[in-house]
Structure formats: C-alpha cells, structure tokens
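Top line first, the protein sequences correspond to chains Y and S.
Under this note's numbering, the residues of the first sequence are numbered -13 to 490, in order.
Under this note's numbering, the residues of the second sequence are numbered -13 to 490, in order.
Where is the CB? At the ideal position from N, CA and C, for every residue including glycine.
Since the model is a prediction, treat every value here as computed from it, not as a measurement.
Reading through the structure tokens given below for one structure.
2 protein chains.
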Amino acid sequence: APRESGLRVCGWRRPCLGDQKQPCPDYAKERYGVSSMIQSQEKPDRVLIRIKDLTVEKADEVVWVRGRIHTSRAKGKQCFLVLRQQQFNIQALVAVGQHASKQMVKFAANINKESIVDVEGVVRKAHQKIGGCTQQDVELHVQRIYVISLAEPRLPLQLDDAVRPEVDGEEDGRATVNQDTRLDNRVIDLRTSTSQAIFCLQSGICQLFRETLIRKGFVEIQTPKIISAASEGGANVFTVSYFKSSAYLAQSPQLYKQMCICADFEKVFCVGPVFRAEDSNTHRHLTEFVGLDIEMAFNYHYHEVVDEIADTLVQIFKGLQERFQTEIQTVNKQFPCEPFKFLEPTLRLEYREAVAMLREAGVEMGDEEDLSTPNEKLLGRLVKEKYDTDFYILDKYPLAVRPFYTMPDPVNPKNSNSYDMFMRGEEILSGAQRIHDPQLLTERAQHHGIDLEKIKAYIDSFRFGAPPHAGGGIGLERVTMLYLGLHNVRQTSMFPRDPKRLTP
Amino acid sequence: APRESGLRVCGWRRPCLGDQKQPCPDYAKERYGVSSMIQSQEKPDRVLIRIKDLTVEKADEVVWVRGRIHTSRAKGKQCFLVLRQQQFNIQALVAVGQHASKQMVKFAANINKESIVDVEGVVRKAHQKIGGCTQQDVELHVQRIYVISLAEPRLPLQLDDAVRPEVDGEEDGRATVNQDTRLDNRVIDLRTSTSQAIFCLQSGICQLFRETLIRKGFVEIQTPKIISAASEGGANVFTVSYFKSSAYLAQSPQLYKQMCICADFEKVFCVGPVFRAEDSNTHRHLTEFVGLDIEMAFNYHYHEVVDEIADTLVQIFKGLQERFQTEIQTVNKQFPCEPFKFLEPTLRLEYREAVAMLREAGVEMGDEEDLSTPNEKLLGRLVKEKYDTDFYILDKYPLAVRPFYTMPDPVNPKNSNSYDMFMRGEEILSGAQRIHDPQLLTERAQHHGIDLEKIKAYIDSFRFGAPPHAGGGIGLERVTMLYLGLHNVRQTSMFPRDPKRLTP
Chain Y
-13 APRESGLRVC GWRRPCLGDQ KQPCPDYAKE RYGVSSMIQS QEKPDRVLIR IKDLTVEKAD
47 EVVWVRGRIH TSRAKGKQCF LVLRQQQFNI QALVAVGQHA SKQMVKFAAN INKESIVDVE
107 GVVRKAHQKI GGCTQQDVEL HVQRIYVISL AEPRLPLQLD DAVRPEVDGE EDGRATVNQD
167 TRLDNRVIDL RTSTSQAIFC LQSGICQLFR ETLIRKGFVE IQTPKIISAA SEGGANVFTV
227 SYFKSSAYLA QSPQLYKQMC ICADFEKVFC VGPVFRAEDS NTHRHLTEFV GLDIEMAFNY
287 HYHEVVDEIA DTLVQIFKGL QERFQTEIQT VNKQFPCEPF KFLEPTLRLE YREAVAMLRE
347 AGVEMGDEED LSTPNEKLLG RLVKEKYDTD FYILDKYPLA VRPFYTMPDP VNPKNSNSYD
407 MFMRGEEILS GAQRIHDPQL LTERAQHHGI DLEKIKAYID SFRFGAPPHA GGGIGLERVT
467 MLYLGLHNVR QTSMFPRDPK RLTP
Chain S
-13 APRESGLRVC GWRRPCLGDQ KQPCPDYAKE RYGVSSMIQS QEKPDRVLIR IKDLTVEKAD
47 EVVWVRGRIH TSRAKGKQCF LVLRQQQFNI QALVAVGQHA SKQMVKFAAN INKESIVDVE
107 GVVRKAHQKI GGCTQQDVEL HVQRIYVISL AEPRLPLQLD DAVRPEVDGE EDGRATVNQD
167 TRLDNRVIDL RTSTSQAIFC LQSGICQLFR ETLIRKGFVE IQTPKIISAA SEGGANVFTV
227 SYFKSSAYLA QSPQLYKQMC ICADFEKVFC VGPVFRAEDS NTHRHLTEFV GLDIEMAFNY
287 HYHEVVDEIA DTLVQIFKGL QERFQTEIQT VNKQFPCEPF KFLEPTLRLE YREAVAMLRE
347 AGVEMGDEED LSTPNEKLLG RLVKEKYDTD FYILDKYPLA VRPFYTMPDP VNPKNSNSYD
407 MFMRGEEILS GAQRIHDPQL LTERAQHHGI DLEKIKAYID SFRFGAPPHA GGGIGLERVT
467 MLYLGLHNVR QTSMFPRDPK RLTP
C-alpha cells in the first residue's frame, strides 16, 4: 500500500539522484527502506540498544538503535541525523561510502521528522563534543536505516520551538508554542524533554506519596466516583445520567475516607480523580484533577495527623531531590526557577499570625476573613523572607470560612481545628479535624442551613462508635506545578479539563 | 449534653446498683465514665498500646489501650469484655476490688457494643488459652475505663454473624448476614476480620502492581475520566452534563494510554476508575470498577508485552503469598478455598487449543465463536486438571470477536494478536496489540461500521510516528475476588456500584 508522504517516491521506488534518464545501480539498496508494518511477524534475536547507553565504552561496536528522527541535515554526500529516544539523543551520520550509496543518503535525508527508524551503525568517538545532543562524546556511523513508522510531513508544532524558554518582555524573533496549540497536539507536545521530565517527576510524586504512607502503616482504599447525593448541598457538582435515574460525580473522596475510619482502617489514603464543576478559568483550577487524599484516626490531638501529612510531603520533596535531579534540571532549562526550600520539621503558623504578618505589610483584613489569592501569595513571600521556606502549614482557620463538618476549636469557638498547606505561596492541601459526634455534626449542618435529609447517610456513619480523626486532600497537579515553579496547572496535567477544554 | 443510649443513666448519673434508697459511696467514681468529645483539647503524654502487641512479654505491666467493645458479659461481681482493634482482640476483666467498684462493673457491662473505650489495665498471663481472642495468652485487668465514642444500642448487624461461614445446604440455626444488609451498613460490615483482611490484601495488590512496574521502568500516568466522545460508538457509556454541553465517562483509559505511547513514554500504567453503563446484574459486573491498566511499546512481537503483563501478575501472586498470609488465612476461615496455583513462566494457550479442549469435553462451538461464561469456567477446570494452574493466558482470539483497533494476525487473517488472562476460570484481563498504522486503523474502523468522524482524534494520534505497542486492562476487584476464591465482586469493592446500587 502506498503511504502518504514525501517519502513515498524515494522510499518505495528508490530512484537515482540527479537528472539521469537511466537508473544507475544502487549497491546499498538492501540497506535502507520502509519496513512493512510490525505486526508481530517474527521474534528476531536482534538487540536494540538504548540511546542513553551509547557512550565511549561502546566505541567501535556495531549496534542497532530505534529512535525518532529529531532533526536531519543533508550536506553534500552526507546527512546528519539527530536520533531521539525520550530525553536522550545522539548524532548519526549517513555518508556515501562502503555501506551507504548516494541513494541511501538521499533516502535518509528525506525521512520526515518524528518518524521512527531502526538504524544499524558503528559507535564512533566524536572528535569534539557534539553540542545539542545528550550523547556528546559519540556519534553513530549508519550502515542500515529502515523506517518503522512514518510521520506525516507537516508537524503541527516543532519540538525545538516547544522547549524554547520564553524571554520576558524581549522579542528575540524565535518561535515559541502557545498553550492551546500544545494541548491540541498533546501527543507531540508530550515528546519534548520538558514534558517527559514533568510527567516522570509527577509519576515519582505518586510513588513517593504511597511509599511513604505504606511505610507509615496506611492502607490504600478505592472510593466510588459516582455518588447518589452531592455531599455539600449540590453546588459545583457534575450530574451523571444513571440508567433511568441520575447521580453525581464525587467532589472529593472525603465521605468514603471517613467511613473507612469509622470502619477501623485507622489510616487510609487514596489517589484518584476529583471533579469540580466550577466555571473557574484560572491558572490553578481544573474541572477534573488528581487528589492525593489522606484520612487518619488520632489519639488525642489532630496535630498528630498534621505532622504525618507534613512529613509525607517532606518525604516527597526529599525523594524528588534525590531521584529526579535530571528531570528538575531539564525543566529548569526551559522554566528557570529557584530550588524548592523546606524545613524539618515543617513550619506551622496560626492563622492569626498570618493575619498579623499581612497587616504589618499593609493589608487590611478582618480576623474571620478568608485569604484572597493575592494575599496568599503575599503571605508566601513574607514567610519565605522571614523563615526561608517554600512550604508551610497555616493552622486554626476561622470556623466561619470552613465546611460544616469542621471541628470547632475547643478554646476559641470562632476558630477551628483546620489547616491548609502551601507551596510557594499557593494552597496545595486543605484539611481539618472532622466532627465525629453525630449530634454536634447535626447542629453544625443545621447552622449552615444544610438539608439534613440529604446528609443522613453521612451523619449515620458516626452512630456506631467513631474515633476522632482528621485528614486532607492534596492536588497532585498543583504539587507538581509548584515544586517545579511552573505557572499553569495545565502544564502538569497530561490531558487537562477545564470549562473550555474537554479534548483530547 | 445528654446522649441517646442505655448508658446515659449509669454513665452520667452513676447510680448505685440494687434497690437501695440512699446512694452508696462510690470509691471508684473517678475511674470510669463517658469522656467528653475529643476535640484536641490537649496533648497528653499517655501512650496507647496496640492490642496486637499485648503478649506475655508485657505481663504485669500497666498499659492504656483504645479499642471497641466487641462483646461484654457480666457475671456477678465481674464483667468480661472483649476489646477489639482491627483484626486483633483481647479479653478484659472488670472485677469488683481495689480498683473497681460495683458501680464501675455495672457501667462497664452496660456500654453498648462497638463503642470505643480507653482502658487502663494490668496485663496478666492467662491461666489457660483464651478461646475466641487473637491474644490467647494474656488478659487485661481493668483499672480505669472511659467511653471515647458511644455506639447506638441497636446495631443493624452483628459482627459475629457477619463472619460466620455459610454452611451449604445445612440449616444450623445460626444467623448469617445477607449481602444487601452488609452493603447497606458497610461501615459496620467493613469492621469484620474478613473485610479488614480482604481490603488490606487489595491494597497490597495495588502496591505490588505498581512496585513491579516501576521496577520494570514503567511510568505512572493519570488519564481523564470525563471525555468528549464515547470511544467505541457510544454503547454502555454514562453521560455527564458538562456546563452548557454534555460529555461522557471514560469506559477505559486505553486511548490515553496509547497517546502516551505515541508521546514516547514507552511503558506506562495507570490505576483508576472505569465506568460501564451495562445493565448487568451478575456476580462479576460493576458499573464502576478499578482498572489496573498497562500499555507498552515493543520491539518486534507483542509477546514481549504479554510476558511483562503475565510476570507482573505472577509478582503480585508471589507478593501476596509472602506478605499477606495472615489475611489469606483470615478470609479462608469464613470462605474456605484452595490456595491459588500458578506456573512460571505462565501457561499460554492459543484460542484454537482451548476450542479443541472444550470440544473434547463435549462442547459444540464454532472456530470464530466467543467463549461463553460457562465455557470459560469449564475451560478453567480443564486447564487446572491438565496443567495444575489457576492462572493462564489465552492467546490469538478470533479477529471477529475483538474491537476494531485489534491488530490482525499476520499469518491467519481470521485471528488477531489479542489475548485474555484468566484466574480460576474467569477473565481478569483483556488485551491486544493495537493497530499503530492510521491507514489500517481507518480500514478496520470502516469494516466495523464506526463513524470515522467520531474517532478522528484517536486515529490522528498515530499520524506522527507511532511505535508498535500492546497492552491490557486488569479488573482489580476481580483479581481480589478470584485470588481469594470469593464468589461475588461486591465482596471486594468497598462501596460497589451496580445498576441497582448507588449507596452508600
């Protein structure tokens, strides 16, 4: 079957270069071409070497490599290719000689960028460092080259443009790629070294979160996302048609985490999607995000839980520093940023202290007023100046600004046993001691004007003995964004969902 | 505030026992009672000991324990309590003497079952093994007892009934608990030793799945659950209202896994909810279940991927054997079952071989006919007899019974590069080599009568170079059910969703 591409002519019919009327013999014709589609026809013994493993230790070895054509540049009787594999790349040279004919060089030069090729070549020590490649000390002298999967000739975005740092204020004339183009063509945008690094690091955050909690004796739970009643009165909830009836998408796993605590699992966590039907088009809101959720029974004081959560985040930060240094540096190349700072133990400020700091900085606000986003950011800067940390806990929020199930403070009834955690001045976790007494819970729900009938099942969960407990939910995309100092949560969601975007 | 319970009288007013008109002095009155709600008033130094750590090594030590009243039995001047903490329990004795008054014994005897109490007591070596308790060699001589959270006097189900094995055919007169009562009162049902063991083991399956794949170089991805187009033509899909428009719930993360492969992540996995709007009320269907999904680029043959998936499952089975023996035995007490058997390497049969085995056993079926559920089960028994394994792979399904994106077999065009995996004769994974060539994919979609416009984004994902790849999706609840030899997937979903159940 013919393939749609500029390659068809040279790939399938292998014509000669130049204007000759008669075809000239091609002594290399078996050494290049377009492979038939890999349909699992065979199990050859051939070993494919990883590009990152091509170093001077392999000099003069003949190897097979599968990679993408990252760039190609023909120059007389030779063609320089850069072959890419994830974050790694190497220069490959196809030059007319014993193994390659003119026709083969032309074939190689004409392969569309982003096509996947199998290359056999000799690893050669480079005479000088090869700039722009991760494998700077070696190059590959190509002896065979076959196209495994052909890319279309026109790419909707160029990878080099997509990793170019944006220069503030200056117009340096070189293209960058805007966010919608990236997201519309996410399959290509995700191939950049920056994207590869972001999502490898995000995978690491998930592993570190779970590793730490399993070590602390937590149990992973799975909570349903289709629920019969909207937990907090029905605002910002997506409706689902459910056979002949209707249902909702869970805005948080909190009720289920709490039920597990009432069912004696003591320490639980879950990782899963959270749905918010908020029409917010900001840099940090998504309609679907990944929640890293924790809930834990405690003995006497909810700070036992706060300490566990904060330590879990600290273990994540440390693990990222240790295991993902390459990825952090890769992202920094495009998005320069100060290293993330944190203290051990984590700084815990009370809300009233934060209000005092803000007032000292000229902000006018009431004692029971919630923090606005600009004030959160300002507070982040003030805390960084004073304590030199990008991560801290704000404890004892005013009761009035928290949900009905939040335990009131035992000393000052205007306060509550609740807390947020911040990274670089933005909230990444919200949590609290929950009311475990059905009578107080009923009173507080009534105070908030909530229809008791709708939360009956929730309140009933606490009627058969409930331990005191607290917890919180962390937004995965925000943690990734803020750890790396990025500026939009869409950069850290592979396929982001917001009020205006449902694709790809 | 008075509390609704039989305890109110004795707990709050502490009356004397008997008919005396005058109250008699209670020398132990500070040693028992109902604590005020734990609102994080203080951070006492008191250490609470875990019940599982109460062994003869602790004999004669005074300890504090927090647990639930599992049972209580008053007998003259003493009261025997069984205190429970997750899967562990211990006998506690409150007897009139130096530390306990008559009133205190009566108070203890009247505490509603499932209430949470703090108990101070001396650990004493038991004179004889205490049957029915996990801590058989010691008992606790109670010196103080305080109610931390009071259960209502009537429980909707009894934990002892809920762990009783069902005796087939025989009526032994002892109560068991039916499934709807369990699920309606899941907070209590999940407290049984069987439930605790099932869900600790399920948490283990998730950890083992991820541990193994991370070790193999896979990256964890997060895929969206709200999608703009139903992937396979719109059957069995839940609709979501999305602001002024509508959307769907993802029936599988497959498209997104494949996009990640096209974006060079090479080996990816994800764990998350999968939604199926099938009106199936069977023992193994849920409308929302947890998918353990894998997708992987391969070099030459999809068996590279099949081997990785099968080995991942083998690592899970081994890990469960090593780390969750206690849990397996606990579940076996209520649901007796043969240990799960598997081979290394995993047995792989071709579909035609399975058809031959079934025909030999008297089943009439066509070469291109799919397996019915009874035939699947029969095949499981035949394979077990012949090969002594509860786990095997069925490879090379007829192309006709698989989805349009399945790669046809290169030799026999009626077959396909697809496979299912089975545990104890039931399917737990379905997978295939996917078509990575946009032209062939288009042809196959047309052959299946699929509207190309609706899958344009899917097909376009393969236009810019796509490596050959394969993958599959595992149902977590089924793996848990079949590994433990249980008979209903609702036993292995904490909060199951089916066409008739959306609560709790």
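Practice task
Could you spell out the range, first to last residue, of the beta strand (DSSP E) harbouring residue 75 (chain Y)?
Solution key: 74 to 81
Problem - residue 96 (chain Y) (DSSP reduced to helix, strand or coil) - result: helix
Exercise for the section: Would you mind stating whether residue 306 (chain S) and residue 187 (chain S) have Cβ atoms separated by less than 8 angstroms? Expected result: yes
Exercise for the section: Could you tell me whether the segment 95 to 110 of chain S touches the segment 446 to 458 of chain Y, using the rule of 3 or more Cβ pairs below 8 angstroms? Expected result: yes
Problem - Alpha carbon of residue 45 (chain S) to alpha carbon of residue 122 (chain S), nearest angstrom - result: 13 angstroms
Practice task
Check whether the Cβ of residue 276 (chain Y) lies closer than 8 angstroms to any Cβ atom in chain S.
Solution key: yes
Handout entry: Chain-ordered residues of the segment 382 to 400 of chain S with a beta carbon less than 7 angstroms from chain Y
Key = 393 and 396
Exercise for the section: Can you grab the Cα-Cα spacing for the pair residue 485 (chain S) / residue 267 (chain Y), in whole Å? Expected result: 35 angstroms
Problem - Cα-Cα separation between residue 26 (chain S) and residue 396 (chain Y), rounded to whole angstroms - result: 7 angstroms
Problem - Continuous alpha helix (DSSP H) stretch holding residue 246 (chain Y): start and end - result: 240 to 248
Problem - Nearest-angstrom Cα separation, counted from residue 215 (chain Y) out to residue 480 (chain Y) - result: Straight-line Cα distance between these residues: approximately 30 angstroms.
Problem - At least three beta-carbon pairs within less than 8 angstroms, the segment 198 to 212 of chain S to the segment 182 to 201 of chain Y - result: yes
Exercise for the section: Step through the CB atoms of chain Y and report whether any lies within less than 8 angstroms of the CB of residue 418 (chain S). Expected result: At a cut-off of 8 angstroms between C-beta atoms, residue 418 (chain S) does not count as an interface residue with respect to chain Y.
Exercise for the section: Return no unless some Cβ of chain Y is closer than 8 angstroms to the Cβ of residue 538 (chain S). Expected result: Residue 538 (chain S) lies beyond the stretch modelled for chain S, which goes from -13 to 490, so this question has no answer here.
Practice task
Buried or exposed for residue 39 (chain S), please, with buried defined as at least 16 other CB atoms from any protein chain shown within 10 angstroms of its CB.
Solution key: exposed
Exercise for the section: Please confirm if residue 481 (chain S) has its CB atom under 8 angstroms from at least one CB of chain Y. Expected result: yes
Exercise for the section: Give the range of the beta strand (DSSP E) segment to which residue 276 (chain S) is assigned. Expected result: Start and end: 274 to 283.
Problem - Beta-carbon contacts of residue 270 (chain S) that lie in its chain and below 7 angstroms, excluding the five residues immediately before and after - result: Excluding residues within five positions, the ones whose Cβ falls inside 7 angstroms are 412, 464 and 475.
Handout entry: Inter-residue spacing [alpha-carbon to alpha-carbon] between residue 60 (chain Y) and residue 324 (chain Y)
Key = The alpha-carbon separation between residue 60 (chain Y) and residue 324 (chain Y) amounts to approximately 41 angstroms.
Handout entry: Inter-stretch contact at 8 angstroms, needing at least 3 Cβ pairs: the segment 357 to 366 of chain S / the segment 402 to 411 of chain S
Key = With the rule of 3 Cβ pairs closer than 8 angstroms, the segment 357 to 366 of chain S counts as touching the segment 402 to 411 of chain S.
Handout entry: Length of the line joining the Cα atoms of residue 3 (chain S) and residue 109 (chain S)
Key = Any reading at residue 3 (chain S) is ruled out, since the residue's pLDDT is 44, under 50, leaving its predicted position unreliable.
Exercise for the section: Would you mind sorting residue 259 (chain S) into buried or exposed? The rule is 16 or more other CB atoms within 10 Å of its CB. Expected result: buried
Practice task
Would you tell me roughly how many angstroms separate the C-alpha atoms of residue 203 (chain S) and residue 55 (chain S), rounded to the nearest one?
Solution key: Using only the alpha carbons, I get a separation of about 47 angstroms.
Exercise for the section: Please classify residue 234 (chain S): is it buried, with 16 or more other beta-carbons within 10 angstroms of its beta-carbon, or exposed? Expected result: buried
Problem - Members of the segment 140 to 169 of chain Y near chain S, C-beta cut-off 7 angstroms - result: 141
Problem - Exposure of residue 346 (chain S), with buried meaning 16 or more beta-carbon neighbours within 10 Å - result: exposed
Exercise for the section: Within the same chain, show all residues whose beta-carbon is closer than 7 angstroms to that of residue 290 (chain Y), passing over the 5 residues directly before and after it, in chain order. Expected result: 284
Exercise for the section: Keeping to the same chain, check which residues put their C-beta closer than 8 angstroms to that of residue -10 (chain S); ignore five residues upstream and five downstream. Expected result: Confidence at residue -10 (chain S) is low in this model, with a pLDDT of 38, below 50, so its placement is unreliable and no value can be given for it.
Exercise for the section: Using 10 angstroms around the beta-carbon of residue 125 (chain S), count the other beta-carbons present and answer buried if the total reaches 16, otherwise exposed. Expected result: buried
Exercise for the section: Name the residue from Y:84, Y:52, Y:73 and Y:72 whose alpha carbon lies nearest to the alpha carbon of residue 64 (chain Y). Expected result: Y:84
Problem - residue 423 (chain Y) versus residue 252 (chain S): straight-line alpha-carbon distance, rounded - result: 50 angstroms
Problem - Meets three-Cβ-pair contact criterion under 8 angstroms: the segment 336 to 351 of chain S and the segment 381 to 401 of chain S - result: yes
Handout entry: C-beta neighbour in chain Y for residue 407 (chain S), strict 8 angstroms
Key = no
Practice task
Report the neighbours of residue 248 (chain S) on chain Y: residues whose CB is nearer than 9 angstroms to its CB, in chain order.
Solution key: 173, 174, 176 and 177
Exercise for the section: Determine the contact status of residue 329 (chain Y) and residue 379 (chain Y), defining contact as a CB-CB distance below 8 angstroms. Expected result: no
Practice task
Under 8 angstroms by Cβ, that's how I've got residue 212 (chain S) and residue 274 (chain Y) pegged, so tell me the actual separation to the nearest angstrom.
Solution key: 5 angstroms
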